[in-house]
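Note that our numbering gives residue 85 to position 74 of the sequence shown, counting from 1, and the numbers run on in steps of one.
Yeah, the Cβ is synthetic: ideal placement off N, Cα and C, and Gly gets one too.
Worksheet for the structure shown next.
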Amino acid sequence: MPIVTPPVADDSLTPFDGGVGVLTRGGEVMGHVATTLGSFWSPFSPLRMQWWVWYIVAWSDGAREPSTEDYPPFLSVSQMKAGHLEVLSRDPSRTGRYDFAWLGSAESAATLARLRITPEDF
Numbered sequence: 012m013p014i015v016t017p018p019v020a021d022d023s024l025t026p027f028d029g030g031v032g033v034l035t036r037g038g039e040v041m042g043h044v045a046t047t048l049g050s051f052w053s054p055f056s057p058l059r060m061q062w063w064v065w066y067i068v069a070w071s072d073g074a075r076e077p078s079t080e081d082y083p084p085f086l087s088v089s090q091m092k093a094g095h096l097e098v099l100s101r102d103p104s105r106t107g108r109y110d111f112a113w114l115g116s117a118e119s120a121a122t123l124a125r126l127r128i129t130p131e132d133f
């Protein structure tokens, strides 16, 4: 049986490992995005694990979108790296493009606690 190896190191994904970002529109905070980083086995790359990112959008009024996964070619991850995120919401009035920026580690931890987001939410 072949040996499956870990994913190729990618430092650009480090912020997604327990990261929290803020979503703004017109300078107003609309919500936050909490992320987690993991790996998975893919039949398209059977000998090497691949990275994947799960994220949750939590709106300022307390509503949440279901957790979403992103994996290569990383469409949402690419957007967040570029400073924005296209959100497809269950509430059509929230669907659209938002500016995105990472919070610092202390602010991220406080935001996760305030939003009550835990690893089980992903």
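How far does the beta strand (DSSP E) with residue i in it extend, from its first residue to its last?
i     : result
Arg36 : 31-36
Ala45 : 39-53
Does the distance from the CB of residue i to the CB of residue j come in under 8 Å?
i      : j      : result
Ser119 : Gly30  : yes
Phe133 : Thr25  : no
Tyr62  : Asp21  : Looking at the sequence itself, residue 62 is Trp, so the reference to Tyr does not match. Result yes, Cβ atoms of Trp62 and Asp21 sit closer than 8 Å.
Leu58  : Thr122 : no
Val64  : Asp81  : yes
Ser71  : Gly42  : yes
Ala69  : Leu114 : no
Val44  : Leu86  : no
Arg101 : Glu76  : yes
Please classify residue i as buried or exposed, where buried requires at least 16 other C-beta atoms within 10 Å of its C-beta.
i      : result
Ile67  : buried
Val33  : buried
Ile14  : exposed
Arg105 : buried
Phe51  : exposed
Kindly list the residues whose CB is nearer than 7 Å to the CB of residue i, restricted to its own chain and excluding five residues on each side of it in sequence; keep chain order.
i     : result
Pro83 : Gln61
Keeping to the same chain, check which residues put their C-beta closer than 6 Å to that of residue i; ignore five residues upstream and five downstream.
i     : result
Met91 : Phe111
Thr79 : Tyr66
Pro18 : Ser50, Met60, Gln61, Trp62
Phe27 : Thr46, Leu48, Val64
Which same chain residues, not among the five before or five after residue i, have their C-beta less than 8 Å away from its C-beta?
i     : result
Val40 : Val33, Leu34, Ser71
Extract the residue ranges of the alpha helix (DSSP H) inside the region 62-132, only unbroken runs of 4 or more that lie entirely within it.
86-92, 116-126
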